[in-house]
Structures are given as structure tokens and as C-alpha cells.
Amino acid sequence: MLKRNGYVLEQVFSPLIVYSTPEHEELKSIAKSCITRHHAHHYLGFAATQWKLFAKESPPRVKPLLYVYRVLLTGIHLMRTGVVEANLVTLNESAKLSYIGELVDRKRSGPEKGTLQAADLEFHTREYERLTAELESAYEASKLPEMPSARNELNNLLIRLRLNVARRSIN
251 MLKRNGYVLE
261 QVFSPLIVYS
271 TPEHEELKSI
281 AKSCITRHHA
291 HHYLGFAATQ
301 WKLFAKESPP
311 RVKPLLYVYR
321 VLLTGIHLMR
331 TGVVEANLVT
341 LNESAKLSYI
351 GELVDRKRSG
361 PEKGTLQAAD
371 LEFHTREYER
381 LTAELESAYE
391 ASKLPEMPSA
401 RNELNNLLIR
411 LRLNVARRSI
421 N
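What follows is the structure in C-alpha cells.
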């Protein structure tokens, strides 16, 4: 969590929880102090990797394209709000990108390997470039801290959890 890995934060803040504990709630509270403006680098790099994988496909599929958009919009949202949100439909409520709803519908109702036309690919290439630039701008303008401030809190939680495990194994 201290290494600017957005994926780790997405897991901690995921609403898809089967079972939680007070320690998990404490971890979520501590994780808020691990968010920095430099998480933008994670999302920029991740989006670039996903775009390369998407661009190699012939024909290009809808599902990987949605993943590219999810990554970029998560990064933009994080830089602007300091809140980790990884649900594309929720992110698009504020982004208001008209094509996201249509792509989501195509993925949900069409074949799992639904594809795009050449004209669509040109449009989405421009959108990928525009959103990448928007994430870079959001990074530059972000008021998020430069460094995480929760090192001690994380360390204390880890020590406490390890002591609890050790006590249970002794008993």
C-alpha cells in the first residue's frame, strides 16, 4: 500500500466483500492515508499496457477496451477526488462519456468476444489519447499528497495482527 499500487487500493476499497473484520475496517481507514498523487503513474502505465494488448487484437474486442477505459477513469477520479472507485458504470456517472453505456450494453448482451469496426477503432484511439492526457493533467493539478503518511499505522496494525495470530497458535 505504500508503493503507489492502485490495484492494492482497489482491493482494499472494493465493495465486493464476502466477510469483513474490525481489522479490515481499520485497514480501509489507514489506506486513505496511503493515497498519493503518484498513483497516477500506476494508472497511466497500466492503461498503456492494456491499450497495447487491446491494439494487438484482430479484430479488437469490446471487453478489453472497457478495461482500458475503466483504468483511465479510475485514475482520473482518484487524482481529482482522492477516492478509489473502480466501477466503470459508477465512474461514468460523472465522466458522462456517451459511448461507455453503449459499450457496456454490447458486452452484457452480446457475445463475450464482441468486436469493434475499423471506424470505431479510430474513435477509441482518439479517446484513449484524450483520456490519457486528461489523467496526466489531473495528476499535475492534484492536491493529493506526495507521499503516504500511514507507514506507522500500517506497521502497528501488522504487528498487532501477527501477535494475535501468535497468541491463537499458542493457545
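The numbering of the sequence shown is our numbering, which starts it at 251 and goes up by one. Beta carbons are placed, not taken as given, at the ideal position from N, Cα and C, and that holds for glycine. A quick note: this is a predicted structure, and the numbers were derived from the prediction, not measured.
Same chain, Cβ closer than 8 Å to residue i, neighbours up to 5 away in sequence not counted
i	result
residue 343	none
residue 303	314
residue 260	324, 334, 336
residue 397	286
Residue range of the unbroken alpha helix (DSSP H) whose run includes residue i
i	result
residue 357	348-359
residue 272	272-281
residue 411	401-420
residue 268	Counting along the chain, residue 268 falls outside any alpha helix (DSSP H), and DSSP gives it neither H nor E.
Helix, strand or coil at residue i [DSSP, three-state]
i	result
residue 299	helix
residue 311	strand
residue 365	strand
residue 337	coil
residue 285	coil
residue 251	coil
residue 438	As shown, the chain starts at 251 and ends at 421. That puts residue 438 outside it, with no answer to give.
residue 332	coil
6 Å CB neighbourhood of residue i in its chain, flanking five on each side removed
i	result
residue 329	290, 388, 389, 392
residue 365	309, 311
Cβ-heavy atom distance, residue i to the ligand NAP, below 7 Å
i	result
residue 349	As for the ligand NAP, it is missing from this structure, which has no ligand bound.
Proximal residues to residue i (C-beta, below 7 Å), its chain only, five neighbours per side dropped
i	result
residue 411	273
residue 266	none
residue 339	354
residue 318	297, 300, 301, 304, 378
residue 255	292
- Query: Are the segment 374-386 and the segment 314-334 touching, with three or more C-beta to C-beta distances below 8 Å?
  - Reply: Yes, the segment 374-386 touches the segment 314-334.
- Should the segment 283-302 be regarded as contacting the segment 341-358, the criterion being three or more beta carbon pairs within less than 8 Å? No, the segment 283-302 is not in contact with the segment 341-358.
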